[in-house]
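Everything on this sheet refers to the single structure shown next.
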Amino acid sequence: MNLLELLGYFNYWVFAIVLSVGLYTVIAKVNLVKKLIGLSIFQSAVFLMYITMDKVEGGTAPIIQKGVENQVFSNPLPQVLILTAIVVGVSTLALGLAIVVRISECYGTIEEDEILDAD
Amino acid sequence: MNADTAILVAISLPMVIALGIAVAGRFSDNLREAVTLFGAAGLAWVVWGMLPDLFAGHRPAVEVSQLMPGISIAFRVEPLGMLFAALASGLWIINSVYSIGYMRANKEKNQTRFYCCFALALAATMGVAFAGNLFTLFLFYEALTLSTYPLVSHKGDAATVRSARIYLGVLLCTSIGLFLPAIIWTYKVAGTGDFTVGGILAGHIGGADVGLLLGLFVFGVGKAAVMPVHRWLPAAMVAPTPVSALLHAVAVVKAGVFTITKIIVYVFGVDFLFAEPSSSWLVYAAAFTIIAASVVALRQQNLKRLLAYSTVAQLSYVVMAAAVLKPLAEVGAAVHMVAHAFGKITLFFAAGAIYTAARKTELGQLRGIGRRMPWTMGAFTVGALSMIGVPPTGGFVSKWYILAGAFEAGNLVAIFTIIASTALNAAYFLPIVYMAWFATEEAGSKAHGEAPPMVVLALTATALLTLGFFFFNGPVIELESQVVREVAQ
Amino acid sequence: MDLTIHLPVLQVIVPMLAAPFVLLLKPRGLAWAGATSVALLSFCIALSMAVTVAGGGHFSYDMGGWPAPYGIELSVGAFSALLLLIVTGAGALSLLAARPSVDQQIEQERQPLFYAAWLLVLAGLVGITVSADAFNIFVFMEISSLASYVLIAGGPDRRALPAVFKYLIMGTIGATFYLIGVGLVYMMTGTLNLADMEARIGGVTDINPILVAAGFITIGLALKAAVFPLHVWLPNAYTHAPHMVTVFLAACATKVAIYVLIRFDFFVFQANLPGHQLQFSLFLLPLALLGILVASSVAMFEGHLKRLLAVSSVAQIGYIMLGASFLTQAGLLASFAHMFNHALAKGGLFLAVACLAIHYRDLRLDQLAGAARSMPLTAAAFVVCGLSLIGIPGTAGFISKWLLIGAALERGFLGFVLVAIILVSSLMALVYIWRVVETLYFKPAVVEAQGPGEAPLQLLLVTWVVALANIGFGLFPQFPLALSSAAAELLLGHTL
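For the record, the sequence lines run as chains F, P and Y. Quick note on our numbering: the first sequence kicks off at 278 and runs consecutively. Quick note on our numbering: the second sequence kicks off at 775 and runs consecutively. Quick note on our numbering: the third sequence kicks off at 5 and runs consecutively.
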């Protein structure tokens, strides 16, 4: 595999790196808000993957115009999918933050180790 | 009532009785005990009503539910099961009389639960007796274990609960750990688990597998108390004496040996097993249990524990008789189930009567008790003689048949064991009898009379049955000979 | 108009659309009544579809009139019908019983929110089950997950919050893994319809991305399904959730994830990936066995009643996976039958726990000593369901154990080892259930019950209905077995 090919997968490299960064943050951080930030990064990586795969070389927005034959379109479906996934991601984040707020009310801390000690 | 529906009635009637007892117990004790007594009589009437059909050679059968292809809940009455059911249901009447006297005199708590579970145990016993296939048998076998657990743990204190845990633990571990795989194995290789004359395994399994499968069955059926899975039986002695008498001398333990006999006759097939050398270990295992349990019994100081170990030994008589694998011995196995039941229930009744009247449980305390409780000790003597096998008691009849079968098979181990154990039986029973009648009472012991009349009535009745069985055993032998004839055909 | 063809879509949209309306039912008790009637209606829909499917029928529904593979397809075969029965049955029965327990644990003004979230969980789980579209499954999975986080965190126990946070993190990671897998498959095939995927993977030349996708999807769903060792979120979440929520989720939530896992594997991958069957089997078998043994041992020494049962769920999931890993008719049949029977047994056990919790706030075992004396009917129901969990004959649990052992025996020498493990773990179940039984019946009471007598009739009645169902389906298991058997045939017929 030569350099060009490797560069051609640039987006996928970014996807892999961002995914790992996100997952690492979720696992390694003790602070619950930081964990949620990690989770969001982790999810964003997947959004990137979906958006990347819909790109067709030389494709334009998928709008059918009269009189234009043989148009090349980008695939609209992954974009639609990822819109939904973003909504899911936002709801998860919102719910997660709400839980963190409740935890902070009940325990007075959002550090995981201190919460474990409290019970 | 035709015999097919009679099967279902016999199994569901005790459940209805249990319900009736639970309801009646809320109103009055007398009503509750009336329900028990009439229920027991009703069950006996239904079960004994099936006898003429059996003598005529009919085999009533009914299927309740087909769970999976080839696996169903089905019942089929054959002579062995009929005998077992008739025995248990008949003795339930006497035992109920005894229970009422015993439980009242000892002011036991939770009597409604006691009678309720007793009835449920009888329902399970009927199910075991009439089961038409291994699956159904297993179903009721476990139901019997579970329904007797509250009876064993009746007292509820820490020591009782510990013993009850051993009881349940041993019985469930063996049945789930060994019996169940044996059953599933049988279904897999034979394609069926129906009890069939001549067996179902011939041609499907051979060599060492036969011995292995037999082992899974014999030790899986923990209720037969073949050593080393006998531990539950002495543990069960913490139960009130009526439970020990009917359940742990008749229903539960007989369910064990009955199951083994039935499996040998109707699943393996006597001839198939006889021809298979890998199955011969069973006689040795049974012989070992007989001798070892008798030796342990010699050393017991507690009367009920002694009786329990004696039961362990006597059960293995049945197993050994079945394992001799000769028709005459199979008859002996069935007859011994009856003879031992009469004798042992009498002994337990007597032990309970002594506890009720004198609060005595240890052998050393029984000196001279015969003069205070002549009826009780008279019955005890009859029971003890039957255990040893002295004529004119029922024990002699069954020993005769088992010995005859052993000679027919030329099985020296069996012959030797029977003779040796007779001596051992005499060695641990006769001293008690001697002490009770002829030794002088310890000075300063409390004066007491006979046990309550209902207790005495019950134990006299069973003692008479023990004696009567020596003279009137024709119908039982006739019935069980049908098994032999069926196989021969 | 014939409604029958619309049943699959009604199954999903009825609870989903009802949820916002339940929010509006402020007066006391109305929200419960509304949610319960909707859940019962869902159950009736599921039942009618199950009856049709058991008779050899099949439902397929094109959303919006767009035919598959372009539109979203809803399909109900034997396997999904079985799951629908479990999910809606658990949802309806637990809601029916829920009121006394929920009144005790959730403040009056938050109850409409609680019941609305409950319906959303139901809608999500049902949606996963009926959908034949990989992405749609993801969306429904997140709907049900988000709503169930809300339910679990809704109780008065503050320890539920860290537990649910952990669940949220792990659940989201699982769902995202699944999403990555689906994306990879889509990238190679250009379709999201499961049936279409299977057909098109055959034409894919570079199989590597599909392999990676299979890995992501399996791990992601195993996380959701709490397959050992990915189960760490489960015990705490179930332990500290409101009691009725535990009943509902323990009976069906993880099973739906297993359903997707099995379905994806059989419908999409097995026919196309060389050696995949072996990999699937070798992946699941050891995990299933480890899960059974480790979780059962942990349960034997667990001191908290709810956690004990929750940990036992991990072991029971092991049974389900074990049957599935055989990849045979008998194995799958055992696995599916156990899904149904375990839902009955564990649902009944947690219902009995909810009954106990009415009078006993602290559910640690030593605090529950002697509870059978004040609540004999509850304790008896616990015993019946416990026997079913152990697998005593005459109960539903025995049927699946019988089938599982039968299936294991087909595997030659390995089979004997498996049988031994199954039997040993049954005995372990006996130990941990009997510890509870002895505590309830024989130990002297440590704390007084906080109220006189039994649990409220409503709760007790449902508990006993489930307990009797355990016996009923133990003696007459024909219907669930017919569905399970048809489901197993469907899956196997698909691979060959």
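Quick reminder that beta carbons are idealized off the backbone N, C-alpha and C, glycines included.
From residue i to residue j, what distance separates their C-alpha atoms?
i         : j         : result
Y:Gly178  : Y:Arg365  : 34 Å
P:Ile791  : P:Ala898  : 13 Å
Y:Leu78   : Y:Leu14   : 11 Å
P:Thr910  : P:Tyr1129 : 38 Å
Y:Glu452  : P:Asp803  : 30 Å
F:Ser381  : Y:Leu51   : 44 Å
Y:Arg163  : Y:Trp237  : 13 Å
Y:Gly478  : Y:Tyr182  : 36 Å
P:Phe1123 : Y:Leu461  : 44 Å
F:Asn347  : F:Pro353  : 17 Å
P:Ala1082 : Y:Lys447  : 28 Å
Quick one: using the 10 Å Cβ neighbour count with 16 as the cut-off for buried, is residue i buried or exposed?
i         : result
F:Asp331  : buried
Y:Leu337  : buried
P:Arg1259 : exposed
Y:Leu500  : With a pLDDT of 47 at Y:Leu500, under the threshold of 50, the modelled position of this residue cannot be trusted, and the question is left open.
Y:Cys48   : exposed
P:Gly1248 : exposed
F:Tyr289  : exposed
P:Gln1088 : buried
Y:Trp468  : buried
F:Asp396  : exposed
F:Tyr327  : buried
F:Val345  : exposed
Y:Tyr74   : exposed
Name the residue from the options whose alpha carbon lies nearest to the alpha carbon of residue i.
i         : options                                   : result
P:Arg1005 : P:Pro1014, P:Thr1015, P:Phe993, P:Pro1016 : P:Phe993
Y:Arg32   : Y:Gly335, Y:Val57, Y:Gln115, Y:Ala54      : Y:Gln115
P:Glu837  : P:Val1230, P:Gly906, P:Ala860             : P:Gly906
F:Val349  : F:Pro355, F:Val357, F:Pro339, F:Leu358    : F:Pro339
Y:Ala459  : Y:Leu472, Y:Phe483, Y:Leu444, Y:Leu381    : Y:Leu381
Y:Asn140  : Y:Ala101, Y:Met67, Y:Tyr153               : Y:Met67
Y:Ala292  : Y:Ser488, Y:Val251, Y:Ile324, Y:Ala376    : Y:Ile324
P:Ala999  : P:Val926, P:Thr1240, P:Phe1062, P:Thr1015 : P:Phe1062
Y:Gln109  : Y:Ala167, Y:Gly158, Y:Val154              : Y:Gly158
Can you name the start and end residues of the beta strand (DSSP E) that residue i belongs to?
i        : result
P:Gln840 : 835-842
P:Ile847 : 845-850
Y:Leu293 : Unbroken run through Y:Leu293 is the alpha helix (DSSP H), 280-304; no beta strand (DSSP E).
Y:Asp66  : 63-66
At a cut-off of 7 Å, would you count residue i as near the ligand ZN, judging by its Cβ distance to the nearest heavy atom?
i        : result
P:Phe888 : In terms of ligand content, the structure shown is empty, and the ligand ZN therefore cannot be addressed.
So residue i contacts chain P; which residues on that side make the cut at Cβ distance below 7 Å?
i        : result
Y:Trp406 : Ile958
Y:Gly416 : Near Y:Gly416 there are no residues of chain P at all, since even the closest Cβ is about 12 Å away, more than 7 Å.
So with CB distances below 8 Å, who are the chain P contacts of residue i?
i        : result
Y:Gly410 : Ile958, Tyr961, Lys962
Y:Glu442 : Val935, Arg939
By the criterion of Cβ-Cβ separation under 7 Å, what are the contact partners of residue i in chain Y?
i        : result
P:Pro955 : Ile409, Val423, Leu427
P:Ser839 : Leu479, Phe480
F:Pro362 : As written in the sequence, residue 362 of chain F is Ala, which differs from the Pro given in the question. Here the neighbours are Leu183.
If you follow the alpha helix (DSSP H) that residue i is in, where does it begin and where does it stop?
i         : result
Y:Leu78   : Where Y:Leu78 is concerned, there is no enclosing alpha helix (DSSP H), although the beta strand (DSSP E) it sits in stretches over 77-80.
P:Thr1046 : Looking at the sequence provided, one finds Phe at residue 1046 of chain P rather than Thr. From DSSP, the alpha helix (DSSP H) with P:Phe1046 extends over 1044-1048.
F:Asp394  : 389-395
P:Tyr876  : 853-879
P:His928  : Segment: none, P:His928 is in no alpha helix (DSSP H) and carries neither H nor E.
P:Trp1055 : 1055-1072
Y:Ser149  : 138-157
P:Glu807  : 803-822
Y:His346  : 333-363
Just to make sure I have the definition right: I need the residues of chain F whose C-beta is within less than 8 Å of the C-beta of residue i. Which are they?
i        : result
Y:Arg163 : Asp396
What residues from chain F crowd round residue i, counting only those whose CB sits closer than 9 Å?
i        : result
Y:Tyr153 : Thr369, Leu372, Gly373, Ile376
So residue i contacts chain Y; which residues on that side make the cut at Cβ distance below 8 Å?
i        : result
F:Leu309 : Phe169
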